[in-house]
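Worksheet for the structure shown next.
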Amino acid sequence: MRCHEAKKRIDAGDLDDAALAEHLHQCAACSRLAEAERQLTCSLQHAAQATPSVATPFPQLRQRIELATAGTQRKERHIMSEISHQVRIHPRLSTGLALAVLVFLFTTLVPFSYQRISGYDATIAYAGITEEIQREKVEKALESIGQNNVKVSVEQTGENTSYQLKGFASEAEALQAVLALEMQTGTKGQSRIRPILENVSASLYAQVIDGVKSVKDESTEGKTDQEVERDIAAKLLAAGLLSPKVKVTTDADGMRKAIADSYIPLKSGQDSVAIGIMCDMSHDGEIRLRISTYDSTNTMKTGMEPGKKGR
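Under the numbering used here, think of the first position of the sequence shown as 30, with each following residue one higher.
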């Protein structure tokens, strides 16, 4: 007997045929098909003999649902009625709520134009140097500190040579490039790092969020305070802050607190700028930084002005 003839007999339910039994003993595929057919037949017979369960009447089901949701509906109606009652007996409350809604919509929806820093450029001028350093050497010096996407241009005016470096993501990267180029030339030039400002239109809420830096350490659990200090300092360096000093403490309740500060040296005869960082560490290890800069007269400055450092 061939397989196609055996499949026909299996589909017909003739599983007790002697010739089919002999073929199933020799063919594993047909044997599996016959076994599946037997199991299906037994399941259908069992389902036909089983006593059907009594369905829950629809009125009873509806009553159960209404009883289950009655408590929630009463609570919602109580809250809404209480709010309506308070608004009726306190007319000023409705005015305050309306003003709060208007302020919320104003701060989140109405766009305003403002400036933010999109990057940094650096300029290094050498007086009395007429021999131009090859662009390949400058790019090689930048590659040695991992800055491969910086655009380099050279400008010569008489006995002065000026190098312009563009495309830094942070002030720390620009300062590193300046130091690398000074090591390449062997001469300390007059350098200037300036921020690139772009005009952005966004709501007041977006402006506030844009002005707050956050550094998140996702693996603070199980670490000591000293290990967390090192992790935060590394992330602050990556965010563009130089020489951060971080202090992490854990109180008796297990709450960690972090304090950080940093100092950035300025050129052109100016004093260093002190960066005060207010840290608030939450349970998930997130550090939100609110940064203020102070000049030598302890006058607080906000934002970033051309030619100034720190934010």
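Using N, Cα and C, we set each Cβ at its ideal position, and we do this for glycine too. As the structure is a prediction and not an experimental result, all values here were calculated from the model.
- Here the alpha carbons of ALA206 and PRO224 stand approximately 15 angstroms from one another.
- Taking all protein chains in view, the Cβ of ALA50 is surrounded by fewer than 16 other Cβ atoms within 10 Å, so the residue is classified as exposed.
- Contact check for TYR192 against VAL179 fails: the beta carbons are separated by 8 angstroms or more.
- If you draw a straight line from the Cα of ILE222 to the Cα of GLY148, it is about 11 angstroms long.
- In the DSSP secondary-structure assignment, ASP150 is bridged to LYS195 and ARG223.
- Less than 8 angstroms separates the beta-carbon of GLY218 from that of ALA154.
- Counting every other CB atom within 10 Å of its CB across the protein chains shown gives ALA77 a total below 16, marking it as exposed.
- Collapsing the DSSP output to three states places THR278 in a strand.
- Within the same chain, and ignoring the five residues on either side of LEU210 in sequence, the residues whose Cβ sits closer than 7 angstroms to its Cβ are ILE153, VAL167, ALA170 and TYR192.
- Distance from MET30 to ALA48 at the Cβ level is roughly 5 angstroms; contact confirmed, criterion being Cβ atoms closer than 8 angstroms.
- Under the 8 angstroms Cβ criterion, the stretch 183–191 does not count as touching the stretch 129–147, having fewer than three qualifying pairs.
- Counting only the Cα atoms, ARG121 lies some 10 angstroms from ALA127.
- Checking the DSSP bridge columns, you'll see ARG145 partnered with GLU227.
- Shortest Cα-Cα distance from GLN176 to any of THR186, ILE146, ALA156 and LEU208 involves LEU208.
- The C-alpha of VAL130 is placed about 15 angstroms away from the C-alpha of VAL116.
- Beta bridge pairing from DSSP links ARG121 with no other residue.
- Between ALA63 and LEU73, the C-beta spacing is not below 8 angstroms.
- One Cα belongs to SER232, the other to LEU134, and the distance between them is close to 10 angstroms.
- Closest option to ARG145, judged by alpha-carbon separation, among LEU226, HIS75, ILE118 and LEU96: LEU226.
- Judged by DSSP secondary structure, GLU184 falls within the beta strand (DSSP E) whose first and last residues are 180–186.
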